[in-house]
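Asker:
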Amino acid sequence: MTATVGSLLQGGTNRLRAAGSETARLDAELLLGHALGIDRTGVLAHPDAPVGNGQAAAYEAALTRRETGEPVAYIRGLKEFYGLVFTVDSRALIPRPETEGLVELAVERVREALVGAPRAADAPLRIWDVGTGSGAIAIAVTITLQRRGYGGHFRVLASDVSRDALGLAIENAVGHGVADVIDFATGDLLAVDPPAEVPVDLLLANLPYIPSGTVPDLPVAASFEPRTALDGGPDGLDLVRRLLAALPAALAPTGSALLEIGADQGELITSTLAEGLPGWSARIQPDLAGQPRVAEILPPRRAP
299 MTATVGSLLQ GGTNRLRAAG SETARLDAEL LLGHALGIDR TGVLAHPDAP VGNGQAAAYE
359 AALTRRETGE PVAYIRGLKE FYGLVFTVDS RALIPRPETE GLVELAVERV REALVGAPRA
419 ADAPLRIWDV GTGSGAIAIA VTITLQRRGY GGHFRVLASD VSRDALGLAI ENAVGHGVAD
479 VIDFATGDLL AVDPPAEVPV DLLLANLPYI PSGTVPDLPV AASFEPRTAL DGGPDGLDLV
539 RRLLAALPAA LAPTGSALLE IGADQGELIT STLAEGLPGW SARIQPDLAG QPRVAEILPP
599 RRAP
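For the sequence shown, this note's numbering gives the first residue as 299, with consecutive numbering after it.
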């Protein structure tokens, strides 16, 4: 008997639920749609449609991978972020919805800087995305600013210590048609090759901020992602501290840095900044749930 979309969807949902997935139905819909070459709407709209043996086998293989805990994004090879679709694989962290708030803030800070003070092509506003991973932040910021009419007034640098991750970021930039607006460099935090043009006006970073002792307790899907993209040391702020220490040499006096942080790290990063950079200030920006999510770091002359 020929399998149908509906029967495969129900069977897949049952299997993933038994395997412990908290989003079994959604996972099954996405994986079946991927096997069929259609979106979720198409899956739901045609439950009685027959499914060929080859497509059913592809779906079976995807379910088997998901049952082991592998993220759906890696199985499909893509992830939606900020209204855009990015290629993702084990070279870099999967973009999270909460990081979209950092993109929103970045776009707003650029808008504020450029309103009434447009930049010439030979002196653009400089944005640096440190630890770019898949390139999602740098690309989303670039595309959004272009769509809002700021093209030609800014330039983006995206860097990462991992050459593999940077390769993925370049692939995504090419796929979205913005590789000519974004420069790429490899290196540890701000020590990159080729050297960055500093100072920059806006520095963005979603560095690893999960405490080492917490990493083993993350959902099993996280075990498929690079640990170096998750593990932030004993209290989660090892790399963040190093980045903060380097900011005075990299950030313009009227610039700012936007750093994604954990929901329980607002006070810690504020005290860390006070100890390491007296006179600098941190504004903790909440996410949609009201939890601390982005630390906005300001040089002394920008302090409120």
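Ideal placement from N, C-alpha and C gives every residue a C-beta, glycine not left out.
#1: If you draw a straight line from the alpha carbon of A477 to that of P551, how long is it in whole angstroms?
#2: Helix, strand or coil: which one does DSSP assign to V496?
#3: For L423, which residues from the same chain have a beta carbon less than 8 Å from its beta carbon, with the 5 sequence-adjacent residues on both sides left out?
#4: Provide the residue span of the alpha helix (DSSP H) that contains I441, from first to last.
#5: Compute the beta-carbon to beta-carbon distance between L330 and L307, rounded to the nearest angstrom, for a pair I have assumed lies under 8 Å.
#6: So L557 and L403 are in contact, right, with Cβ under 8 Å, and what is the actual spacing, rounded?
#7: Leaving out the 5 sequence neighbours to the left and right, which residues in its chain are closer than 7 Å to G534 when beta-carbon positions are compared?
#8: Going straight from the alpha carbon of A415 to that of L400, what length do you get?
#9: What residue range is occupied by the uninterrupted beta strand (DSSP E) comprising V472?
#10: Under a CB-based cut-off of 8 Å, is F384 close to chain B?
#11: Quick check on G310: does DSSP put it in helix, strand or coil?
#12: How far does the beta strand (DSSP E) with L596 in it extend, from its first residue to its last?
#13: Are G530 and L502 closer than 8 Å when you measure CB to CB?
#14: According to DSSP, what are the bridge partners of E378?
#15: To the nearest angstrom, how far is the alpha carbon of V474 from that of I437?
#16: When the distance is taken between beta carbons, is P497 closer than 8 Å to A548?
#17: What would DSSP say about L628, mapped onto helix, strand or coil?
#18: Across the region 335-348 and the region 373-393, are there enough close Cβ pairs to call them in contact, namely three or more that are closer than 8 Å?
#19: Once the 5 residues before and after S554 are set aside, which same chain residues still bring their CB inside 7 Å of it?
#20: Tell me whether E523 is buried or exposed, calling it buried when 16 or more other Cβ atoms sit within 10 Å of its Cβ.
#21: Determine the extent of the beta strand (DSSP E) in which T302 is found, giving its start and end residues.
#22: Sorted by chain position, which residues of the same chain lie with C-beta nearer than 7 Å to R256's C-beta, five sequence neighbours on each side aside?
#23: Within 10 angstroms of its Cβ, does L314 collect 16 or more other Cβ (buried), or is it exposed?
#24: Please report how far the alpha carbon of I567 lies from the alpha carbon of T311, in whole angstroms.
Answerer: Here's the rundown:
#1: Straight-line Cα distance between these residues: approximately 28 Å.
#2: Residue state, collapsed to three classes: coil.
#3: Counting only Cβ-Cβ distances below 8 Å, and skipping sequence neighbours, we find V408, A411, L412, R417, H451, F452, R453, D499 and L500.
#4: Start and end: A434 to R445.
#5: Between the beta-carbon of L330 and that of L307 there is about 6 Å, and that keeps the pair under the 8 Å contact cut.
#6: Rounded, the Cβ-Cβ distance is 11 Å, inconsistent with contact.
#7: Closer than 7 Å at Cβ, skipping near neighbours: Y507, I508, P509, G560 and Q563.
#8: Across the structure, A415 and L400 are spaced so that their CA atoms are roughly 23 Å apart.
#9: Premise fails: V472 lies in the alpha helix (DSSP H), R461 to G473, not in any beta strand (DSSP E).
#10: Judged by its chain identifiers, the structure shown contains no chain B, having just a single protein chain.
#11: It is helical.
#12: Membership of L596 in the beta strand (DSSP E) is indicated by the continuous run P590 to L596.
#13: No, they are not a contact pair.
#14: The partner list for E378 (beta bridge, DSSP) reads V383.
#15: For the sequence presented, residue 474 should be read as His rather than Val. When the Cα atoms are used, H474 and I437 turn out to be separated by approximately 8 Å.
#16: In contact: A548 and P497 (Cβ atoms closer than 8 Å).
#17: Because the chain is modelled from 299 through 602, residue 628 falls outside the range shown and cannot be assessed.
#18: Verdict: no, contact absent.
#19: For S554, where only same-chain residues beyond five positions count, the Cβ hits under 7 Å are R407, L500, E594, I595, L596 and R600.
#20: Result: buried.
#21: For T302, there is no enclosing beta strand (DSSP E), as DSSP marks it with neither H nor E.
#22: There is simply no residue 256 to check, as the chain begins at 299 and stops at 602 in what is shown.
#23: Within a 10 Å sphere around the beta-carbon of L314 sit 16 or more other beta-carbons, which makes this residue buried.
#24: In this structure, the alpha-carbon of I567 lies about 42 Å from that of T311.
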